[in-house]
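Going left to right, the sequence shown walks through residues 2 to 247 as the working numbering numbers them.
Beta carbons: idealized from backbone N, C-alpha and C, even for Gly.
All values derive from a computational prediction rather than experimental measurement.
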Amino acid sequence: MWFQYSEWRDEQNLSRMKFEDLMRLFSQLLVQANGDAGQALSWLTHLDERYHLFSDKPGQGLGDFIEWLKQQGYLKDNGGGVFQLTSKGNRRIRQDSLDRIFSSLRKGPAGDHSTPDTGQGVERLSETRPYRFGDAPSNIDFSASISNAIKHHGLDQLRLNEDDLEVYETEHLASCATVLAIDISHSMVLYGEDRITPAKNVALALAQLILTRYPKDKLHVLIFGDDAREVKVEDIPFIQVGPFHT
């Protein structure tokens, strides 16, 4: 007789896991629908009819998924079957784009923008230098400082003066300004080829990367066709191609 052991998961947990997977698909549909939640849900309905994405089991249907979206705060029900993408849903779209395009970044070390210079920063280096007024006490190298005090004053009259102190150097971290420019001219859908959706996906991913990993950086988003203008990061999913030229 054979026994196989596995983690027990109830139907509610299974539904939640499946809805998380479907949310990534729904995020992509929202980008293609220019942020129109109603259109994205309509496409999701057609996909379900063809590929049976949802189950007939209680709590695992399309209606349950819509309720889950509202409970999670991704969609707002304006009544009459009209749904609106919320700010939390907007952030989720950016995060899903980042996970999809830049998932390999998780294997690399975390950090900020490095420069060749030492200076104000949080990354401690192995090198030390004499203490200067304004240096953070947390960066004091006490072993080297006490050693300096012994050399200067001897063990019998041991005292720690300011000129005995040594501090660790820290890596200087710089902030950056980034401009994302998105082409909304007719060439982005020329000959029936959708180029605007991949462009928006990359912009969403880059925006989320900068906002979460480099919060001190400045980020600007420009759209250009016949002319150029700045839009908010939250407006990226709603960007549409117009009858413009570049």
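Assignment of beta-bridge partners to His221 by DSSP yields Val180. Annotation for Arg196: Met189 place their beta carbon closer than 6 Å to its own, counting only its chain and skipping 5 residues before and after.
The continuous beta strand (DSSP E) containing Val232 extends over residues Ala229 to Val232. In the structure shown, Gln85 falls within a strand segment according to DSSP collapsed to helix, strand and coil. Here DSSP, grouped into helix, strand and coil, assigns Ile240 to coil.
The closest CA to that of Lys19, considering only Arg51, Asp49 and Gln61, is found on Gln61.
Relative to Ile67, the option among Ser88, Lys58 and Leu42 whose CA is nearest is Leu42.
Val234 and Asp184 have their alpha carbons spaced roughly 15 Å apart. Here the alpha carbon of Asn149 sits roughly 14 Å from the alpha carbon of Asp157. With respect to the C-alpha of Ser98, the residue from Asn140, Ala206, Gly64 and Glu231 having the closest C-alpha is Ala206. For Leu205, no beta strand (DSSP E) run applies; the uninterrupted alpha helix (DSSP H) run containing it begins and ends at Ile197 to Arg214, by DSSP. DSSP, reduced to helix, strand and coil, places Arg125 within a strand of the structure shown. Per DSSP, reduced to three states, the secondary structure at Ile141 is strand. DSSP, reduced to helix, strand and coil, places Arg133 outside both helices and strands of the structure shown, so it counts as coil.
Assignment of Tyr75 by DSSP, reduced to helix, strand and coil, places it in the coil class. Ranked by how close their Cα comes to the Cα of Ala182, the residues Asp218, Asp164, Gln73 and Arg230 have Arg230 in first place. Within the same chain, Thr129 and Glu167 come within 6 Å of Ala145 by CB-CB distance, once the 5 residues on both sides are set aside. Nearest Cα to Asp142 within the set Glu163, Leu76 and Phe55: Glu163.
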